[in-house]
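In what follows, a structure is listed as structure tokens, so that the remarks can point back to it.
There are 2 protein chains.
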Amino acid sequence: MIKFNESEYRENLKKQINEIYTGKKIADEIFQEGFENIFLIGVGGTYAVMMHFAEIAKQYTNTPVYLEQAGEIILTGHKHFNKNSIVFMASESGDTKEIVEFAKYCQDKGVRVVSLVSKPESKLAKLSNWSITFIPKGVEFEYLSMIGIFYGLLNNNGDFEEFDLLLEQLEQNLIDGLVNIQTKFDNIADDIAKKYYNSNYMLWIGSGELWGEVYLFSMCILEEMQWLKTKSVRSSEFFHGTLELIEKDTNVFLLKGEGACRKIDERAERFLKEHTDNLVIFDTREYRIENIDEKFANILSPIVSTVLLNGRLSKHFEANTGHSLDIRRYYRQFDY
Amino acid sequence: MIKFNESEYRENLKKQINEIYTGKKIADEIFQEGFENIFLIGVGGTYAVMMHFAEIAKQYTNTPVYLEQAGEIILTGHKHFNKNSIVFMASESGDTKEIVEFAKYCQDKGVRVVSLVSKPESKLAKLSNWSITFIPKGVEFEYLSMIGIFYGLLNNNGDFEEFDLLLEQLEQNLIDGLVNIQTKFDNIADDIAKKYYNSNYMLWIGSGELWGEVYLFSMCILEEMQWLKTKSVRSSEFFHGTLELIEKDTNVFLLKGEGACRKIDERAERFLKEHTDNLVIFDTREYRIENIDEKFANILSPIVSTVLLNGRLSKHFEANTGHSLDIRRYYRQFDY
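Sequences listed follow chains V and Z, in order. Plus 1 on top of the position in the first sequence (first one is 1) and you've got this note's numbering. Plus 1 on top of the position in the second sequence (first one is 1) and you've got this note's numbering.
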């Protein structure tokens with residue numbers, strides 16, 4: 002498989018699973034200290050990751066959880082943001098402009114920050130009350146770095162009593178499970194990339210727990226790293242505008258999830274199957290992590306989808322376009 | 002001016018301004034009855050309109066306000082949704098599938114619904130505890146139909162003490178103000194449409210109070226009514242992916258607002274001016290409603306921008322493409 006070193010991947014996942022317990026410990030500390038609400042703050046890819054947890058929060062907990070853009074909240078403020086808030090933010094580099102600025106803003110206001118970073122010595126880490134480390138080798142590591150802290154808080158709050166069972170199952174089955182998914186999907190990813198790598202427009206659709214994944218892959222991978230034009234739209238919203246664009250040769254990519262919103266993904270699927278010949282479906286149900294209970298499928302679905310999309314598909318796009326995923330013409334190339 | 006009947010427009014605006022007092026009365030009733038939180042529910046264009054009020058809520062009130070997709074919340078539920086919630090929903094036809102289904106869901110659960118409808122006898126109106134009428138002649142009427150109820154609740158709550166002043170200024174100045182904006186922008190809209198009507202990709206950018214407008218015009222007008230491909234992205238998010246698509250000939254439309262997020266719109270503007278020759282800027286500051294205080298500019302900015310975009314620009318796109326704004330190939334043409 003291209004760009005996949007199985008032994009290194011296994012080792013990294015093992016480290017990341019261990020790091021879940023750092024998050025769990027922080028959750029216990031925060032619960033002891035007390036808090037009123039949670040602010041999930043991000044920009045670009047980290048905003049997309051936070052979208053998933055905002056969706057889960059809505060379904061699982063009575064704790065008020067607010068999802069906000071780092072670049073906007075620093076300008077607008079937020080009436081529910083106060084000294085009893087807990088802020089979650091992530092930055093792979095640890096120095097993302099908007100994130101670091103908001104971390105400083107939090108420090109000035111005495112608001113506690115939990116950060117997800119890959120560099121423990123980074124600016125963001127230094128501006129945080131607690132940090133959790135993720136390995137910068139795929140978005141699945143970032144999702145995993147949230148598991149201990151996020152579900153730990155929910156568990157303390159009485160909203161997620163299966164927490165220990167989830168951790169046990171992840172420890173026992175996640176590594177093999179994700180390796181199998183990478184392997185199983187690799188050839189399919191190659192076929193998809195071969196067919197669509199020179200597309201001048203791709204429509205990406207999904208919903209609920211996976212909407213952030215759709216948003217991330219279209220904007221942060223295809224647009225940012227491959228310079229390919231996309232539109233992303235929620236499955237429910239698709240029927241209120243974007244559907245009118247569909248013709249037999251429109252390239253459409255539908256991500257089907259495992260949660261309650263799967264029903265609207267299926268509605269989109271039925272429509273699309275009739276009206277375009279270029280439909281690609283990624284169904285996380287066909288790539289479940291083996292030996293993990295079905296009741297966890299929705300909360301693990303973004304880990305599965307990011308292994309499919311970022312783990313495999315992006316690498317095959319790169320191989321076919323010959324356009325390195327690492328090249329940028331603007332981002333971090335100069336000030337703007 | 003094409004598709005603009007000034008005397009009819011003035012008369013309609015007068016009726017809509019009067020209807021603000023229906024909303025104000027409902028706000029007083031709801032405040033007397035008591036409520037715990039507000040759910041702004043929409044789909045497509047009505048979701049976009051609600052985005053604006055969610056943004057305002059965040060900045061102005063301690064009342065918890067949740068913005069949700071009608072098509073998703075009915076499947077996922079929401080932990081904060083309960084008998085003390087107040088739901089706001091709009092539907093021009095009064096029978097939008099997702100909206101009517103959620104209104105029934107609310108009725109079943111005993112949750113109070115305030116609806117914005119253009120037909121008082123519609124399904125949605127019948128499933129609502131209160132209805133406010135808007136004239137289906139432009140999105141500005143829909144925004145206006147929210148003014149009395151939304152700011153009335155905020156005022157009762159002590160969050161918007163300038164309410165009476167706002168209503169007084171709207172009564173005295175809104176009609177002339179909007180007519181002047183239509184007139185002032187008409188030739189400019191014609192020039193923009195002439196240049197871009199056959200574009201195969203348009204990137205639309207905006208933020209804060211106007212992000213919903215960007216979302217609405219790109220998806221519900223250009224995609225749905227003109228079958229033109231678009232991507233819409235927030236000004237802050239633009240810098241984290243989509244910017245890499247920009248080339249000298251990329252067609253970009255930037256909507257500059259009046260609120261705190263104007264600063265990031267200006268950041269996008271500076272970047273775009275350097276990197277594309279096809280940049281169109283709509284600055285609501287250049288089209289303020291005359292004789293209304295500056296402190297209301299941010300809350301009136303979507304009314305201004307929708308007059309520019311939906312009021313004028315869409316009509317000139319239609320005139321240039323020869324593609325009627327009323328034609329649909331799928332929506333409401335058959336079941337799916």
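Note that beta-carbon positions come from the ideal geometry of N, C-alpha and C, so glycine has one too. Computed from a predicted structure; not experimentally measured.
Cutoff 7 Å; reference Tyr48 of chain V; Cβ partners in own chain excluding five residues on either side: For the purposes of this step, residue 48 of chain V is taken as the residue at position 47 of the first sequence. Answer for Tyr48 of chain V: Gln70, listed in chain order.
- request: Would you list, in chain order, the members of the stretch 191 to 218 of chain V that have their beta-carbon closer than 7 Å to a beta-carbon of chain Z?
  value: Tyr202, Ser208, Gly209
query: What is the rounded straight-line gap between the Cα of Phe54 of chain Z and the Cα of Lys80 of chain V?
result: Mapped onto the second sequence, residue 54 of chain Z falls at position 53. Mapped onto the first sequence, residue 80 of chain V falls at position 79. Rounded to whole angstroms, the gap between the alpha carbons of Phe54 of chain Z and Lys80 of chain V is 14 Å.
message: When you compare the stretch 149 to 161 of chain V with the stretch 273 to 280 of chain V, are there three or more beta-carbon pairs, one atom per stretch, that lie closer than 8 Å?
response: no
Residues of its chain near Tyr332 of chain V, where Cβ-Cβ distance is below 8 Å and the 5 sequence neighbours each way are ignored: Here residue 332 of chain V refers to the residue found at position 331 of the first sequence. Counting only Cβ-Cβ distances below 8 Å, and skipping sequence neighbours, we find Glu225.
message: So, at 7 Å on beta carbons, what are the nonlocal neighbours of Ile136 of chain V in its own chain, with the 5 sequence-adjacent residues on each side left out?
response: Against the first sequence, residue 136 of chain V aligns to sequence position 135. Closer than 7 Å at Cβ, skipping near neighbours: Asn13, Lys16, Gln17, Ser119, Phe142.
- prompt: Is any beta-carbon of chain V found at less than 8 Å from that of Lys232 of chain Z?
  reply: What you label residue 232 of chain Z is simply residue 231 of the second sequence in a count that begins at 1. So, interface residue.
message: Does the contact criterion of 3 or more C-beta pairs under 8 Å hold for the stretch 263 to 270 of chain V versus the stretch 172 to 185 of chain V?
response: no
task: Use the C-beta contact count for Ser8 of chain V: other C-beta atoms within 10 angstroms, 16 or more gives buried, fewer gives exposed.
output: The count along the first sequence starts at 1 and reaches residue 8 of chain V at position 7. With fewer than 16 Cβ atoms within 10 Å of its Cβ, Ser8 of chain V is classed as exposed.
Listed by chain order, chain Z residues near Tyr331 of chain V by CB distance under 7 Å: Against the first sequence, residue 331 of chain V aligns to sequence position 330. Leu244, Glu245, listed in chain order.
message: Can you list, in chain order, the residues of its chain with a C-beta nearer than 7 Å to that of Glu162 of chain V? Leave out the 5 residues immediately preceding and following it.
response: Here residue 162 of chain V refers to the residue found at position 161 of the first sequence. For Glu162 of chain V, same chain residues with a beta-carbon under 7 Å away, outside a window of 5 residues either side, are Asn156 in chain order.
query: Which of the three DSSP states, helix, strand or coil, is assigned to Glu69 of chain Z?
result: Position 68 of the second sequence, counted from the first residue, corresponds to residue 69 of chain Z. Strand.
message: Taking 8 Å as the threshold (beta carbon to beta carbon), is Asn311 of chain Z in contact with chain V?
response: By 1-based counting over the second sequence, the position of residue 311 of chain Z is 310. Judged by the 8 Å Cβ criterion, Asn311 of chain Z is not in contact with chain V.
- request: Report the option in Z:Ser208, Z:Ser132, Z:Ile176 whose CA atom is closest to the CA atom of Thr77 of chain V.
  value: Here residue 77 of chain V refers to the residue found at position 76 of the first sequence. The residue with the shortest Cα to Cα distance from Thr77 of chain V is Z:Ser208.
- prompt: Cβ of Val112 of chain V less than 8 Å from any chain Z Cβ?
  reply: Sequence index remark: in the first sequence, residue 112 of chain V carries index 111 (1-based). Answer no: the Cβ-Cβ gap between Val112 of chain V and chain Z never drops below 8 Å.
- prompt: Do you know how far the Cα of Asn201 of chain V is from the Cα of Lys316 of chain Z?
  reply: In the second sequence, the residue the question calls residue 316 of chain Z occupies position 315. In the first sequence, the residue the question calls residue 201 of chain V occupies position 200. Between Lys316 of chain Z and Asn201 of chain V, the C-alpha separation is close to 28 Å.
message: Which residues of the stretch 255 to 280 of chain V have a Cβ closer than 9 Å to any Cβ of chain Z? Give them in chain order.
response: Gly260, Ala261, Cys262, Arg263, Lys264, Ile265, Arg268, Arg271, Phe272, Glu275, His276
message: Only counting the same chain, and skipping five residues up and downstream in sequence, which positions put a Cβ closer than 6 Å to that of Glu93 of chain V?
response: Residue 93 of chain V sits at position 92 when you count from the first residue of the first sequence. Taken in chain order, the residues that qualify are Ser119, Pro137.
Beta carbon of Ser236 of chain Z nearer than 8 Å to that of Ile193 of chain Z: The residue you call residue 236 of chain Z lines up with position 235 of the second sequence. The residue you call residue 193 of chain Z lines up with position 192 of the second sequence. No, the pair does not count as a contact, with Cβ atoms beyond the cut-off.
query: Can at least three beta-carbon pairs, one atom from the stretch 211 to 228 of chain Z and one from the stretch 237 to 251 of chain Z, be found at a separation below 8 Å?
result: no
- prompt: Measuring CB to CB, does Asn199 of chain Z end up less than 8 Å from Glu259 of chain Z?
  reply: Start at 1 with the first residue of the second sequence, and residue 199 of chain Z comes out as number 198. Start at 1 with the first residue of the second sequence, and residue 259 of chain Z comes out as number 258. Their beta carbons are not under 8 Å apart, which means Asn199 of chain Z does not touch Glu259 of chain Z by this criterion.
message: Strictly under 8 Å for the Cβ-Cβ distance: is Glu93 of chain V near chain Z by that measure?
response: Reading the first sequence from its first residue, position 92 is the one you call residue 93 of chain V. The beta carbon of Glu93 of chain V does not come within 8 Å of any beta carbon belonging to chain Z, so the residue lies off that interface.
message: Taking 8 Å as the threshold (beta carbon to beta carbon), is Ser237 of chain Z in contact with chain V?
response: Residue 237 of chain Z sits at position 236 when you count from the first residue of the second sequence. Look at Ser237 of chain Z: its C-beta is under 8 Å from a C-beta on chain V.
field: Three-state secondary structure (DSSP) of Thr231 of chain Z
entry: The residue labelled residue 231 of chain Z in the question sits at position 230 within the second sequence. Of the three classes helix, strand and coil, the one that applies to Thr231 of chain Z here is strand, per DSSP.
- prompt: Rounded C-beta distance between Asp96 of chain Z and Lys124 of chain Z? I'm assuming under 8 Å.
  reply: Stepping through the second sequence from its first residue, residue 96 of chain Z is reached at position 95. Stepping through the second sequence from its first residue, residue 124 of chain Z is reached at position 123. Confirmed, Cβ separation roughly 5 Å.
message: I need the boundaries of the alpha helix (DSSP H) containing Gly46 of chain V, first residue and last residue.
response: As a position in the first sequence, residue 46 of chain V is number 45, starting the count at 1. Counting along the chain, the alpha helix (DSSP H) containing Gly46 of chain V begins and ends at 46 to 61.
Near-chain Z residues of the stretch 121 to 144 of chain V (beta-carbon distance less than 7 Å), N- to C-terminal order: none
- prompt: Which residue's Cα is closest to the Cα of Gln60 of chain V: Z:Met51, Z:Ile74, Z:Ala58?
  reply: In the first sequence, residue 60 of chain V corresponds to position 59, counting from 1. The candidate whose alpha carbon is nearest that of Gln60 of chain V is Z:Ile74.
task: List the residues of chain V whose Cβ lies closer than 9 Å to the Cβ of Gln60 of chain Z, in chain order.
output: The sequence position of residue 60 of chain Z within the second sequence is 59, counting from 1. In chain order: Thr77, Gly78, His79, Lys80.
- prompt: According to the neighbour-count rule (16 or more other Cβ atoms, all chains shown, within 10 Å of its Cβ), is Ile3 of chain Z buried or exposed?
  reply: Along the second sequence, one-based indexing puts residue 3 of chain Z at 2. Its Cβ having fewer than 16 others within 10 Å, Ile3 of chain Z is exposed.
task: Would you mind telling me which residues of chain V sit closer than 7 Å to Met2 of chain Z, beta carbon to beta carbon, in chain order?
output: Working through the second sequence from its first residue, we reach residue 2 of chain Z at position 1. By Cβ distance, chain V contributes nothing, its closest Cβ being about 26 Å from Met2 of chain Z, past 7 Å.
query: Ile21 of chain V and Leu166 of chain V: beta carbons closer than 8 Å?
result: The residue labelled residue 21 of chain V in the question sits at position 20 within the first sequence. The residue labelled residue 166 of chain V in the question sits at position 165 within the first sequence. No; because the gap between Cβ atoms is not below 8 Å, this pair is not in contact.
field: Straight-line gap, Val114 of chain V to Ser325 of chain Z (C-alpha atoms, nearest Å)
entry: Here residue 114 of chain V is taken as the residue at index 113 of the first sequence, counted from 1. Here residue 325 of chain Z is taken as the residue at index 324 of the second sequence, counted from 1. Going by the C-alpha atoms only, they are around 52 Å apart.
field: Three-way DSSP call (helix, strand, coil) for Lys1 of chain Z in this model
entry: Residue 1 of chain Z lies beyond the stretch modelled for chain Z, which goes from 2 to 337, so this question has no answer here.
C-beta contact flag for Ile150 of chain Z and Gly24 of chain Z at 8 Å: For this step, residue 150 of chain Z is matched to residue 149 along the second sequence. For this step, residue 24 of chain Z is matched to residue 23 along the second sequence. Cβ distance < 8 Å, so Ile150 of chain Z and Gly24 of chain Z count as in contact.
task: Using a cut-off of 8 Å between C-beta atoms, extract the partners of Cys221 of chain Z located in chain V.
output: By 1-based counting over the second sequence, the position of residue 221 of chain Z is 220. Under the 8 Å cutoff, chain V gives His241, Gly242.
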